[in-house]
Amino acid sequence: MKTITKLNKWANKHNPFYLLDVLRWFLGAFLFYKGISFMNNQDQLLQLISPQDDYMPSMIIYHYVTMAHFSGGILIILGLLTRLAIAVQIPILIGAILVNFIGIMYPQNLILASIILALSVFFIVVGSGKHSADYGLKMQM
2 MKTITKLNKW ANKHNPFYLL DVLRWFLGAF LFYKGISFMN NQDQLLQLIS
52 PQDDYMPSMI IYHYVTMAHF SGGILIILGL LTRLAIAVQI PILIGAILVN
102 FIGIMYPQNL ILASIILALS VFFIVVGSGK HSADYGLKMQ M
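For the sequence shown, the working numbering gives the first residue as 2, with consecutive numbering after it.
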């Protein structure tokens, strides 16, 4: 915990303008967009996550992925509960990378999922930044 606190203080001190916030907004907007995209393309996502004919587990995974991206994207954009929202995204992003190795390899999707996973790990370590709801709430306490 002390290491995370030190990293968080260092990141807030060395934040160049709004770079950290712009990256967080980009990550949140992208995840929100993917949540909307998965809602609109339900059949495509269900076909991707469930090669078998098990309907119930695939629907549970489908709802988890769409709602985690949709609500997590909003929370990340606002900077509210950022680490928790990103922690919920990590298994989905690891699954997105693994799907490329198990099924048909799409290099664009693999690179995109790897970049988003790296950004997510970065924000779990660094935190939400100085211009976020988390930081504002912490300063009020």
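Cβ coordinates follow ideal geometry from the N, Cα and C atoms, glycine included. Every value quoted in this text rests on a predicted model; they were computed, and no experiment measured them.
With 16 or more other Cβ atoms inside 10 Å of its own Cβ, A114 counts as buried.
Pairing A69 with V89 gives a Cβ-Cβ distance under 8 angstroms. At the C-beta level, S121 and L79 stay beyond 8 angstroms of one another.
Taking C-beta separations shorter than 6 angstroms and ignoring five residues to either side along the sequence, the partners of L111 in its chain run N101, following chain order. About 7 angstroms separates the Cβ atoms of I77 and I87, confirming a contact at the 8 angstroms cut-off.
G130 is a Cβ neighbour of L21, given a cutoff of 8 angstroms. Between the alpha carbons of L49 and I105 lies a distance of about 10 angstroms.
Considering only Q109, L81, V23, K35, the residue with the shortest C-alpha distance to H64 is K35.
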